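Novice:
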Amino acid sequence: MRVSTTLDQLHSLAKGNKWMQLFATFNRIMLAAGFFIAGSVKIMGERFASGLSSNQPMGHYLEALHHTGYYYTFIGILQVAAAILLLIPRTRLLGALIYFPIILNICILAYAVRFEGTRITTLMAFANLYLLGWDYDRLKFILPFKQKNSYTTQPEIRSNKFPLVFFGGVFATIAAVIVINQFIYDIRPGNSLMECNNGCTGNAKPEACKVFCDCVHNLGKPMDSCLAQYDKVPVKTIQPSGTGNPKHSR
889 MRVSTTLDQL
899 HSLAKGNKWM
909 QLFATFNRIM
919 LAAGFFIAGS
929 VKIMGERFAS
939 GLSSNQPMGH
949 YLEALHHTGY
959 YYTFIGILQV
969 AAAILLLIPR
979 TRLLGALIYF
989 PIILNICILA
999 YAVRFEGTRI
1009 TTLMAFANLY
1019 LLGWDYDRLK
1029 FILPFKQKNS
1039 YTTQPEIRSN
1049 KFPLVFFGGV
1059 FATIAAVIVI
1069 NQFIYDIRPG
1079 NSLMECNNGC
1089 TGNAKPEACK
1099 VFCDCVHNLG
1109 KPMDSCLAQY
1119 DKVPVKTIQP
1129 SGTGNPKHSR
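Using the numbering used here, you'd call the opening residue of the sequence shown number 889 and step up by one each time.
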């Protein structure tokens, strides 16, 4: 069986399922709300996440972006346009296509600066991918699969059965994103000095962590130099009583 045929059948089953239709609608509304708010702030000329210190790595970026003039407004217009197009049935695919490169860029940026919003931006990117997959029948002709017949489509199979396996995978994906982001970095700058310092309690190098927080939030140095300073400090070892083997504190 060809890959295209298998995908056609899976897509037909998904499009005919009431619960997956509701999930697609839910994703459109939530994604549209996120971009409409963020884009409106930019169009009005206000700095997005204005409460975030300009010394914080993401704050550095947003502060600089805010001063790019009409480029900043242009991003806002694209975000609002994508949000509106997502909510209109005839233009939902165009909205999803505009939305994806923007949210993918935001997601990679969040990971690059170790922003606390990595979880939500990752889930937004996955939700956008789901919407692109929802319109696979309109996108498949640009994919590198040999099409059996460009003018025939699989008939939709109507079903009200709850897709337990699919939604189990959704919840497993959400859990994986949360857990992975919890342990992917040994240190994060946090959104404030207090939040950064609070994270030092369970850190393997608590004193070095506090120096890192001060370096980022008070001194306003680039995160790479603050991380380099943090990495130079070795992890303290604990000498257990009665043994000669040192044990790492982490």
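Built from N, CA and C at the ideal position, the CB exists for glycine as well.
Predicted, not measured: the structure shown is a model, and the values here were computed from it.
For the alpha helix (DSSP H) containing K1049, list its first residue and its last residue.
Specialist: Counting along the chain, K1049 falls outside any alpha helix (DSSP H), and DSSP gives it neither H nor E.
Novice: Name the DSSP beta bridge partners of N905, please?
Specialist: The partner list for N905 (beta bridge, DSSP) reads S1047.
Novice: Hey, could you find the ends of the alpha helix (DSSP H) A970 is sitting in?
Specialist: From DSSP, the alpha helix (DSSP H) with A970 extends over Y958 to L975.
Novice: Excluding the 5 residues flanking S941 on each side, which residues of the same chain have their C-beta closer than 6 Å to its C-beta?
Specialist: Counting only Cβ-Cβ distances below 6 Å, and skipping sequence neighbours, we find G947.
Novice: Quick one, which of M1082, N1091, G1087 and A1092 has its alpha-carbon nearest H1105's?
Specialist: Minimum Cα distance to H1105 is reached at M1082.
Novice: Pull up the distance between the alpha-carbon of A920 and that of L974, whole angstroms please.
Specialist: When rounded, the distance between both Cα atoms is 6 Å.
Novice: Work out the CA separation of T956 and C1103 for me, nearest whole Å.
Specialist: Whole-angstrom Cα-Cα distance: 26 Å.
Novice: What separation, rounded to the nearest whole angstrom, lies between the Cα atoms of I976 and A984?
Specialist: So the two alpha carbons sit approximately 11 Å from each other.
Novice: Hey, out of A926, L1020, Y1024 and K1049, whose CA is closest to L895's CA?
Specialist: The shortest Cα separation from L895 among A926, L1020, Y1024 and K1049 belongs to Y1024.
Novice: In angstroms, rounded to a whole number, what distance separates the CA positions of N943 and T1006?
Specialist: So the alpha carbons of these two residues sit roughly 19 Å apart.
Novice: Three or more beta-carbon pairs under 8 Å between the region 996-1005 and the region 1067-1087, yes or no?
Specialist: Flag = yes, the region 996-1005 and the region 1067-1087 touch.
Novice: Straight-line CA distance for L1011 to C995?
Specialist: Whole-angstrom Cα-Cα distance: 9 Å.
Novice: Do A926 and F914 have their beta-carbon atoms positioned less than 8 Å apart in this structure?
Specialist: No, they are not a contact pair.
Novice: Compute the Euclidean distance between the alpha carbons of N1085 and K930, then round it to the nearest angstrom.
Specialist: Rounded to whole angstroms, N1085 to K930 spans 31 Å at the Cα level.
Novice: Three-state secondary structure (DSSP) at Q944?
Specialist: Correct three-state label for Q944: coil.
Novice: By how many angstroms is the C-alpha of S928 removed from the C-alpha of R1046?
Specialist: Those two C-alpha atoms are separated by around 39 Å.
Novice: Helix, strand or coil: which one does DSSP assign to D1074?
Specialist: Note: D1074 maps to coil in three-state DSSP.
Novice: Figure out for me which residue from T979, Y1118, L966 and K906 has the closest Cα to the Cα of G922.
Specialist: For G922, the nearest C-alpha among the options comes from L966.
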